[in-house]
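Read the structure below first, then the notes.
Numbering (the working numbering), first residue to last: 527 to 676.
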């Protein structure tokens, strides 16, 4: 499982010209799922996201977490995070999980993150053409892959 975290001042997701999620200070999470991913990956990753100290403290130092700040989150599925560009000029998405595998894991990711944060998180719509707007704060962008946790 691979995520790109963007610390944001605000973010929103629109599908078919209808805004379905919006937040102010918090994190926009793009998540890509592979066939081999499990609840173990979800547990490790959601714990990492909730506790990662990438928000500024009172001294302007990245020393507080999403839990510390009470910030919000939006989770957006993004299979293109598993694009392979090794051969040719057209990305291959062979590592990305099929919807039959990815949808239950995506939903479990959201539920688990909500449990860790003790609040609802915004979402996109799996497989939809989404328009994502964000104001990156910092800018701070962090990538995490559960295959690289050791």
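Don't be surprised by glycine CBs; every beta carbon is placed ideally from N, CA and C.
Apart from the five residues just before and just after residue 593, which ones in its own chain have a Cβ nearer than 7 Å to its Cβ? 576, 577, 643
Please list, in chain order, all residues of the same chain as residue 639 whose beta carbon is under 6 Å from its beta carbon, the five residues on each side excluded. 572, 647
Straight-line gap, residue 597 to residue 667 (C-alpha atoms, nearest Å): 16 Å
Would you kindly report the start and end of the unbroken beta strand (DSSP E) that includes residue 663? 656 to 671
Cα-Cα separation between residue 590 and residue 615, rounded to whole angstroms: 40 Å
Determine, using beta-carbon pairs with one atom in the stretch 618 to 634 and one in the stretch 579 to 588, whether at least three such pairs fall under 8 Å. no
Measuring CB to CB, does residue 553 end up less than 9 Å from residue 656? no
Exposure of residue 567, with buried meaning 16 or more beta-carbon neighbours within 10 Å: buried
My output table needs one value for residue 600: the three-state DSSP class, helix, strand or coil. strand
In chain order, what residues of the same chain lie with their CB nearer than 8 Å to the CB of residue 541, ignoring the 5 residues before and after it? 650, 651, 654, 655, 656, 657
Would residue 661 be called buried (16 or more neighbouring beta carbons within 10 Å of its own) or exposed? exposed
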